Amino acid sequence: MNKVCFINGSPRGKNSASKGLIDKVIEMLDKEKLQSHELSVVEWYRKNRKEEDFELMRTMNAIVFVFPLYVDSIPSSLLEFMYAFEEYLIKYPCPKDMNVPKIYSIINNGFIEGKQNINALQIMGHYSARIGFNWRFGIGIGAGEFIRETMEVIPLKSKLKLGIYKALTILAADLEGQVDTEQSNIMTNPSLPKLIFTAAASRHWMKEAKISRKALSRRVWPEA
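Residue numbering for the sequence shown follows the numbering used here, beginning at 1 and increasing consecutively.
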């Protein structure tokens, strides 16, 4: 039986869009064909950077890195995790007779456009080559915070999120070994007009900031 390990690279841990997306992919998988494992970077830090997690990753058929976009790149906590895994592989390289894991990635960002994740997906591809693993493809998803907030109230199969659902089903099929053709990175996002999304996002962040629009826009100039 093939084995896949999902790496939740979000600093939010269990309360993240990344965790929600991992859960959705696992629901799609045939449990008789694929055994799934989950690791959280947040928990890895709490466990004092246990090398047992890296040994588990090394024995997988596939690894899926799932995380939010941070300034067109990777969260620093996940980046440190990836460097540590690379150092572990230098000490304990995969046996020559063992097939190295395939690498996938799901990245979500706060903008509406999924294509905003392209640079980070390219970084993941370069990282896979650097550690000697096989990069397969990644999924760039827009409106990550919207997806997190509506995970339980708007199904992925809905018209609004259908593009995301289809992308995740392609990933699930690939993990199960149903596909052997080359697959390009997939960029997708909810079917929302950008104007509506921007207005809703502005209201959401005003609420999160717990401050009035007038106070938020006030500027205090330094004395000369």
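Yeah, the Cβ is synthetic: ideal placement off N, Cα and C, and Gly gets one too. Computed from a predicted structure; not experimentally measured.
About 5 Å separates the CB atoms of I63 and C5; that is less than 8 Å, so the two are in contact.
Following the DSSP letters along the chain, one finds A129 inside the alpha helix (DSSP H) bounded by residues I118 to R130. Listed in chain order, the non-local C-beta contacts of R49 below 8 Å within the same chain comprise A84, local neighbours out to five positions each way being set aside. According to the DSSP assignment, Y104 belongs to the beta strand (DSSP E) that extends over K102 to N108.
A distance below 6 Å between beta-carbons, with the five flanking residues on each side excluded, links N119 to the following residues of its chain, in chain order: D72.
When L156, M187 and I131 are compared, the shortest CA-CA separation from N108 is found for M187. As summarised for the segment 13-42, the continuous alpha helix (DSSP H) elements at least 4 residues long and confined to that stretch are 17-28, given in chain order. Exclusion of the five residues before and after S191 leaves L160 as the residues of its chain whose Cβ lies within less than 6 Å of its Cβ.
If you draw a 10 Å sphere on the C-beta of M60, you find 16 or more other C-beta atoms in it, and that means buried. In the same chain as V179, and ignoring 5 residues on each side of it, the C-beta atoms closer than 6 Å to its own belong to A173, in chain order.
Nearest C-alpha to L171 among V42, L34 and D53: L34. Counting only residues of its own chain and dropping the five nearest sequence neighbours on each side, E51 has a CB closer than 8 Å to the CB of Y88.
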